[in-house]
Amino acid sequence: MIVPASANHDNLAAALRLSHILQLYHRLDSDIILEDRALQWNSLQSWPSGNIIFIGNSSSLFAQEVLQSKKTAVDVSDSVAKVGNKKFNKAGQGQYPKSYMLFILHSDKSSLERAVRLFPFRTGIAVPEWLVAGNEMDSQGAGGLQAAG
364 MIVPASANHD
374 NLAAALRLSH
384 ILQLYHRLDS
394 DIILEDRALQ
404 WNSLQSWPSG
414 NIIFIGNSSS
424 LFAQEVLQSK
434 KTAVDVSDSV
444 AKVGNKKFNK
454 AGQGQYPKSY
464 MLFILHSDKS
474 SLERAVRLFP
484 FRTGIAVPEW
494 LVAGNEMDSQ
504 GAGGLQAAG
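In case it helps, my numbering puts the sequence shown at residues 364 to 512.
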């Protein structure tokens with residue numbers, strides 16, 4: 364798992380929660396690294412084997428570098444996550460695009476919590492390639508999803 368170099372407590376806590384879930388349900392080990400190392404690996408194209416999860420916001424250098432490569436439906440420009448022409452940068456919106464790497468992008472603490480709750484930790488659960496969760500998820504559940512694809 365990758366957290367931004369200026370990792371606040373919330374990003375690190377989310378990474379620890381997901382790491383615990385992966386160990387508890389699947390007996391998977393995970394490492395939590397800073398984005399500096401991930402940027403080095405990306406520039407050298409020398410990733411270790413395994414899956415990558417990034418937890419942070421769209422202004423992160425790593426998120427911008429990888430998502431601007433246009434390998435997913437989600438794009439980042441001017442530090443704002445976009446799907447097509449629709450921007451998702453309001454407080455409370457948590458983006459969850461899935462590609463060869465999993466990105467959990469958030470705009471604030473509440474959107475991080477919503478996005479982490481959407482993590483598909485049980486096997487066999489089909490999920491869209493990307494989701495945008497809004498404030499309404501707290502009261503409406505899945506009805507609070509603002510976009511998916």
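Glycine included, C-beta positions come from ideal geometry on N, C-alpha and C.
Could you give the distance in angstroms between the alpha-carbon of M500 and the alpha-carbon of L391?
-> 29 Å
So what's L465 in DSSP terms, helix, strand or just coil?
-> For L465, the three-state secondary structure derived from DSSP is strand.
Under 8 Å by Cβ, that's how I've got L375 and F484 pegged, so tell me the actual separation to the nearest angstrom.
-> That pair is no contact at about 19 Å.
Thinking just about the alpha-carbon of each residue, which of V495, Q503 and G504 is nearest to the one in F466?
-> V495
Confirm, please, whether the CB-CB distance from A368 to D399 is below 7 Å.
-> With respect to A368, D399 sits close: the two C-beta atoms are nearer than 7 Å.
Own chain residues within Cβ distance below 8 Å of L508, not counting five before or after | L494, V495, A496, G497 and M500
Buried or exposed: where does I416 fall if 16 or more other Cβ atoms within 10 Å of its Cβ makes it buried?
-> With 16 or more Cβ atoms within 10 Å of its Cβ, I416 is classed as buried.
Residues of its chain near L424, where Cβ-Cβ distance is below 7 Å and the 5 sequence neighbours each way are ignored | So the list reads E398 and L402, once near-sequence residues are dropped.
Check the DSSP bridge columns for V366 and list the partner residues they point to.
-> Partner(s): L397.
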